[in-house]
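Heads up: the structure comes next, in structure tokens.
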Amino acid sequence: MRIVVVSGTSGSGKSSALNQLEDLGYYCVDNLPIALVSFLVEYFARQTQGTYQGLAICIDIRTADAGVTDFRDYLKTLGQGLELQLIFFDATPQALSKRFNETRRRHPLSKSGHSLGDAIVLERELLEPLASAADLTVDTSELSPYQLRQIITQRVDGSSNSSLSIQVLSFGFKKGAPVDADIILDMRMLANPHWDPDLRSHTGQAQEVIGFLESHDQTHEVATDIIDMLRRWIPMYQASQRAYLSIGIGCTGGKHRSVYMAERIGHALAAEFAAVTVVHRDMPAS
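Going by our numbering, the letters in the sequence shown line up with residues 1 to 286, in that order.
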């Protein structure tokens, strides 16, 4: 039986993740007291298994104060045949603070007299046992709701089969490198279309930018080297029983060079490996 445990800091996107899991066919329960998990697992196994893809449970600061440090061991005592995946969602304190201010919602720990900033820091400390035990950590600081749903679909739904799910993610270093990337590659050595006034407003998906980048031999050399390297490395990741692999492709702003290279690498990998997705974290909407 497949169980996905969703946890993380308040405001990091847990509810959006749970909604996406429901769309993927999971039986989802939010804010379930840990003491009731065993009853839910037993009921799910007896009454609903086969109807759903699996069981998804959200454990957060509201319910994590009772036995959080032993939660993974606790699940293992519930019976044989449990396939457990623990996903921890997080974001920078600045991003979390901005979200709470925009939504005007109170942080759960603010009721204890803490300021918003102190509540965010304290919650992260309290959830550290879950964070350190997670199979996957997702930093949502710069992710849109759509990108978050894409990641859930790839990382959870894609990990239910034996193939390695590969994400190629373009980003801008000025907004920070993705903390959940397994491999990060820097494209800032390539010629920069930003300095051409005719290309500045376009993205790395535009033919004008593609033509500019491909007019430089260095672009082809870098792309060939990276693709050849990944073709050699990915089978080793597969052999190590990895369920997912995230490849970050960065440039300064995440608009031109990284977008172009992520598309090129993703296209090459998709011809040889299953479950390859390309995500552009910082590319402006057209």
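Glycine included, C-beta positions come from ideal geometry on N, C-alpha and C.
For clarity, every value in this text was computed on a predicted model and none was experimentally measured.
{"Query": "8 Å Cβ cutoff met for Q53 and R2", "Result": "yes"}
{"Query": "S38: first and last residue of the uninterrupted beta strand (DSSP E) it sits in", "Result": "S38 -> not in any beta strand (DSSP E); alpha helix (DSSP H) instead, spanning V37 to Y43."}
{"Query": "Within the stretch 245–281, ranges of the alpha helix (DSSP H) (whole runs, at least 4 residues)", "Result": "257–270"}
{"Query": "Sufficient close CB pairs (3 or more, under 8 Å) joining the stretch 127–146 to the stretch 10–21", "Result": "yes"}
{"Query": "Own chain, CB closer than 6 Å to T179, minus 5 neighbours either side, in chain order", "Result": "According to the sequence as given, residue 179 is Val; it is not Thr. D139, listed in sequence order."}
{"Query": "Residues near L116 in its chain [Cβ-Cβ closer than 7 Å; skip 5 each side]", "Result": "S97, F100, H107 and S110"}
{"Query": "For S165, the residue or residues it bridges with in DSSP", "Result": "Y244"}
{"Query": "Backbone secondary structure at I302 - three-state DSSP", "Result": "Residue 302 lies beyond the residue range present for the chain, which begins at 1 and ends at 286; the question has no answer from this structure."}
{"Query": "With 16 other Cβ atoms within 10 Å as the buried cut-off, status of L130", "Result": "buried"}
{"Query": "Rounded C-alpha distance that separates R149 from V168", "Result": "15 Å"}
{"Query": "Entirely enclosed beta strand (DSSP E) segments - the stretch 113–178, minimum 3 residues", "Result": "136–139 and 165–172"}
{"Query": "Cβ-Cβ distance between E208 and H202 below 8 Å", "Result": "yes"}
{"Query": "Separation of L164 from Q238, as counted between CA atoms", "Result": "6 Å"}
{"Query": "Span of the alpha helix (DSSP H) around Q238", "Result": "D217 to A239"}
{"Query": "I184 (DSSP reduced to helix, strand or coil)", "Result": "strand"}
{"Query": "Separation of S240 from S162, as counted between CA atoms", "Result": "Its pLDDT being 45, under 50, S162 is placed unreliably in this model, and the value from its coordinates should be taken loosely. Roughly 12 Å between the two C-alpha positions."}
{"Query": "Backbone secondary structure at D90 - three-state DSSP", "Result": "strand"}
{"Query": "Outcome for Q85 when other beta-carbon atoms lying within 10 angstroms are tallied against a minimum of 16", "Result": "buried"}
{"Query": "Delimiting residues of the beta strand (DSSP E) encompassing K3", "Result": "It should be noted that the sequence gives Ile, not Lys, for residue 3. Note, I3: beta strand (DSSP E), R2 to G8."}
{"Query": "Cβ pair Y27, A56 closer than 8 Å", "Result": "yes"}
{"Query": "Beta-carbon proximity list for K122, same chain, < 7 Å, skipping 5 on both sides", "Result": "This sequence places Leu at residue 122; Lys is not what is there. If we look at L122 and ignore the five residues flanking it on each side, its Cβ neighbours are L109 and H114."}
{"Query": "Cα-Cα separation, A262 to F89", "Result": "24 Å"}
{"Query": "Other residues of its chain near G8: CB distance less than 6 Å, five sequence neighbours each side excluded", "Result": "K14, F88, F89 and D90"}
{"Query": "Own chain partners of I210 with C-beta closer than 7 Å, once the 5 adjacent residues on each side are dropped", "Result": "Y260"}
{"Query": "Span separating the alpha-carbon of D196 from that of F212", "Result": "10 Å"}
{"Query": "Collapsed DSSP secondary structure at M283 in the structure displayed", "Result": "coil"}
{"Query": "Y26: first and last residue of the uninterrupted beta strand (DSSP E) it sits in", "Result": "Y26 to V29"}
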